[in-house]
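Q: Position 29 of the sequence shown, counting from 1, maps to 80 under our numbering, and the rest follow consecutively. For glycine and all other residues, C-beta sits at the position ideal for the given N, C-alpha and C.
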Amino acid sequence: MVKINKELIAPCGMNCGICSSYLAYKNNIQKKVISNCMGCRPRNKQCAFVKKKCKDDLKLLKGEIEFCFECDYFPCEALTKLDKSYREKYGMSMIDNLNEIKNKGINYFMENQEKKYKCPGCDNLISVHSKKCFVCDKINTWKS
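1. Go through its chain and collect everything with a Cβ distance to L59's Cβ below 6 Å, but skip five positions before and after it.
2. Taking the alpha carbon of E151 as the reference point, which residue from L112, N87, N163 has its own alpha carbon closest?
3. Taking contact to mean 3 or more Cβ pairs, one atom from each stretch, closer than 8 Å, check whether the segment 72 to 86 and the segment 177 to 190 are in contact.
4. With DSSP as the reference, identify every bridge partner of C184, one or two as the case may be.
5. Rounded to whole angstroms, what is the Cα-Cα separation between K57 and I157?
6. Would you call the segment 114 to 128 and the segment 136 to 151 touching, i.e. three or more CB-CB distances under 8 Å?
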């Protein structure tokens, strides 16, 4: 089974290891077909969605905190908006992810993610966005 790298858990609680753009990057799917990304932390973006909107003196951007739950404003408006969108579209919550990391630890969270997003056909990870395996299934678009 594919293991999730801790560096793929973004500050906002997104598991980049199950993101369609990361899976496209990892599986060499052409950028013409789907955007490619190596993950928020490896790109040093420190969370693409909330980093510039951080109210806590930009501690996230400065690297003073590792996860948004360490912020005095958690959950902030930007994270709450992102969380709402992901709950509605993909059935996943960044805020729930962050609370699990905070309360049970990063290793527990990663093990749960590996089980939840495991492809039944090949043990690779499926996309949170499309529920498809980028190894077994034909991928045409980000949300296909």
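A: Short version:
1. Scanning its chain for C-beta atoms nearer than 6 Å, with the 5 sequence neighbours on each side dropped, one finds around L59 the residues C67, G68, G90, in chain order.
2. Residue N163 is the option with its Cα nearest to E151.
3. Segments in contact, yes.
4. I177.
5. Pairing K57 with I157, the inter-Cα distance amounts to about 8 Å.
6. When C-beta atoms of the segment 114 to 128 are compared with those of the segment 136 to 151, three or more pairs fall below 8 Å, so the two segments count as touching.
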